[in-house]
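First up is the structure itself, then whatever we jot down about it.
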């Protein structure tokens, strides 16, 4: 029997698992423990994706893919000295990397990213380049070239609604999908539902392409995280925030590498309006979801992203609102409930 | 000579990337009677088949135009935006944009300078809806817009927004008209594609669906015939440009040579094109499935990605003639 955890417990368990892009084993294992009773045709493919069919699906019904990424940004050991040299995995924000705590490889060696104190930078007070990061392991170590290095971000509950942790961009999405799988298992819909927990999302969404090629969906809903911008602004700056923590599910009207299917975007937006579920429209410039990957497989897959707002998303200290996760789960469930093949007729 | 009324209707239509439905409806009204079969795929591409049997050839022209999308609201009457496709920041200030519902906005820049002298960043630009009240009336975050400007004619020169790539669409439609009723040796798929300006997304998907033997893209290319600009050999009025290479695509020599042979046999003026920045639908078609040899017939165009993209009607006609010459005979690569 799979563990039946609350949303909060699910998120904590998934956030604490380590899964730097390309080495998602721990996260995959945690997800399997949480969902395996509800799934069939489980495949762990060459990319590391976990794909499966939801039990109780209707064979000739609309073939729907639900996906959430598993991986987190981190580092990879590239040279093994007392000060380990490492390379970035995913897009790092160097402002939090200096002095960050890290765990190295499967044996979870402790380390800290090297930084020079401000009075001893000898004039070199600019942030290092991502490719010149060093890790201090306190002396000799057994780290091997190629091992992944994860940033440490302890899970904590800041209030009844807001929690802090690492890898929320992926794991908040995973937590929503885990809960949704449970919901769909208990009250099946007349659909043929496939799920994909994807690997390597933070390195160009490589896993998602392969997962979608395997599952061949007619329609895809992607879960992900979206960066909040509801922070204090300089005086005189009148721009309004677009994505607020606690402001509801983020729907993307445009992404760096393309525009989502307008029929689907409008559909989900209308569902949110009619159900009274909060949503926010965002455009993402700095990064995209796996939408670009999945929508371009086969002869084109209509797809749309539903993202959970995350503050400080690119750092190991992300904040999410559990209400946002609940609302996202309910919105996607409502969208699936009302879904018919008619939506895809032009 | 090429149909100027058709070109005007195409360039003045509204269709930023991902929102090509108005352009698609317009094109559909022109090609419905010309195609043997017509469908719209999952990516929004309009696919028109002419003829059956023989080599399958996909001819692609993209419907979308560069545009922008509201990224955040600012003080009442103003909004921030980001681009969908390669807008040229230098040319934006004072330009007008139009939304799907007809709402107009003007692009302005932060600060107190009456005459801005420095290159802005996109973060410094905003859209002014010229309303006193709410944020641009009904405009919301995520709404897409396109630049707006009327079509103009100066002798043989046509000036408008969105020549990139509605002029390619016009070439395709004119070729379909010329081929209608002929006994075609090839199975032709004229595809009016989506989302070229944001990463060549439509053409790739269409190629996966059609699985053609060969691909031909119709798109604009830059020129090297303006003052202090001699890095590129293509010039306006020099004829159809047969692409040799661009930054995303090396045309297989056999395709390029077939185009040259057909141009010479049909007496069509042509020039060879080497483009150092930019690419076309053909780059995606060429790498779709297990590889589809693809070439490009380019329409020379000045001021690409501005609201005054300029082409020469004689070049447009040469492109039509070359395309027809290629398609009405066996595709002997």
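Chains as they are written, first to last, in the numbering used here: chain A, -5 to 340; chain B, 2 to 334.
Quick reminder that beta carbons are idealized off the backbone N, C-alpha and C, glycines included.
This structure is a prediction, so every number in the text was calculated from the model and none was measured.
Closer than 9 Å to chain B by CB, residue i
i, result
"residue 224(A)", "no"
"residue 295(A)", "yes"
"residue 61(A)", "no"
"residue 272(A)", "no"
"residue 197(A)", "no"
"residue 247(A)", "yes"
"residue 182(A)", "no"
"residue 87(A)", "no"
"residue 84(A)", "no"
"residue 254(A)", "yes"
"residue 308(A)", "no"
"residue 266(A)", "no"
Residue i versus residue j: straight-line alpha-carbon distance, rounded
i, j, result
"residue 46(A)", "residue 317(A)", "28 Å"
"residue 289(A)", "residue 297(A)", "6 Å"
"residue 265(A)", "residue 71(B)", "22 Å"
"residue 238(A)", "residue 3(B)", "52 Å"
"residue -5(A)", "residue 32(A)", "Below a pLDDT of 50, predicted positions are generally treated as unreliable, and residue -5(A), at 47, falls in that range; no measurement from the model is reported."
"residue 270(B)", "residue 221(B)", "16 Å"
"residue 131(A)", "residue 97(A)", "10 Å"
"residue 55(B)", "residue 123(B)", "49 Å"
"residue 104(A)", "residue 252(A)", "40 Å"
"residue 211(B)", "residue 289(B)", "11 Å"
"residue 263(A)", "residue 272(A)", "10 Å"
"residue 25(B)", "residue 198(B)", "16 Å"
"residue 102(B)", "residue 161(A)", "40 Å"
"residue 327(A)", "residue 206(B)", "29 Å"
"residue 228(B)", "residue 89(B)", "19 Å"
"residue 68(A)", "residue 59(A)", "28 Å"
"residue 309(B)", "residue 94(B)", "15 Å"
"residue 104(B)", "residue 263(B)", "47 Å"
"residue 232(A)", "residue 148(A)", "35 Å"
"residue 86(B)", "residue 30(A)", "43 Å"
"residue 343(A)", "residue 173(B)", "Chain A is shown from -5 up to 340; residue 343(A) falls before or after that span and cannot be answered."
"residue 39(B)", "residue 294(A)", "17 Å"
Neighbour flag for residue i against chain A, beta carbons, 9 Å
i, result
"residue 74(B)", "yes"
"residue 281(B)", "no"
"residue 292(B)", "no"
"residue 230(B)", "no"
"residue 18(B)", "yes"
"residue 71(B)", "yes"
"residue 158(B)", "no"
"residue 79(B)", "yes"
"residue 245(B)", "no"
"residue 306(B)", "no"
"residue 83(B)", "yes"
Neighbour-count burial assignment, residue i, 16 or more Cβ in a 10 Å radius
i, result
"residue 335(A)", "exposed"
"residue 254(A)", "buried"
"residue 249(A)", "buried"
"residue 8(B)", "buried"
"residue 309(A)", "buried"
"residue 177(B)", "buried"
"residue 173(A)", "buried"
"residue 150(A)", "exposed"
"residue 316(B)", "buried"
"residue 116(B)", "exposed"
"residue 1(B)", "This structure cannot speak to residue 1(B), because chain B is shown only from 2 to 334."
"residue 164(B)", "buried"
"residue 85(A)", "exposed"
"residue 216(B)", "buried"
CB contact below 9 Å: residue i versus chain E
i, result
"residue 185(A)", "In the structure shown, chain E does not exist; the protein chains are A and B."
**Request:** Please name the residues in the region 220 to 245 of chain A whose beta-carbon is closer than 8 Å to at least one beta-carbon of chain B, in chain order.
**Result:** 223, 232, 233, 234, 235, 236 and 245
**Message:** Using 8 Å as the cut-off, can you tell me whether the region 169 to 188 of chain A makes contact with the region 45 to 63 of chain A, which would need three or more C-beta pairs spanning the two stretches below that distance?
**Reply:** yes
**Item:** Given 8 Å, three or more beta-carbon pairs between the region 278 to 295 of chain B and the region 301 to 310 of chain A
**Value:** no
**Request:** Please confirm if the region 10 to 21 of chain B is in contact with the region 138 to 151 of chain B, defined as three or more CB-CB distances below 8 Å between the two stretches.
**Result:** Segments in contact, yes.
**Request:** Check distances from the C-beta atoms of the region 195 to 211 of chain B to those of chain A and list, in chain order, the residues that come in under 7 Å.
**Result:** 196, 199, 200, 202, 205, 206, 209 and 210
**Prompt:** Counting pairs of Cβ atoms below 8 Å between the region 180 to 194 of chain B and the region 44 to 64 of chain B, do you hit three or more?
**Reply:** yes
**Request:** Anything in the region 22 to 47 of chain B with a Cβ closer than 7 Å to a Cβ of chain A? List those residues in chain order, please.
**Result:** 41, 42, 43 and 44
**Message:** For the pair the region 295 to 303 of chain B and the region 241 to 257 of chain B, tell me if three or more CB-CB distances fall below 8 Å.
**Reply:** yes
**Prompt:** Do the region 120 to 130 of chain A and the region 157 to 171 of chain A meet, that is, are 3 or more Cβ pairs less than 8 Å apart?
**Reply:** no
**Asked** Contact between the region 125 to 145 of chain A and the region 71 to 83 of chain A: three or more CB pairs below 8 Å?
**Response** yes
**Request:** Note down, in chain order, all residues in the region 120 to 144 of chain B with a beta-carbon under 7 Å from any beta-carbon belonging to chain A.
**Result:** 141, 142 and 143
**Asked** Between the region 128 to 148 of chain A and chain B, which residues of the former have CB atoms less than 7 Å from a CB of the latter, in chain order?
**Response** none
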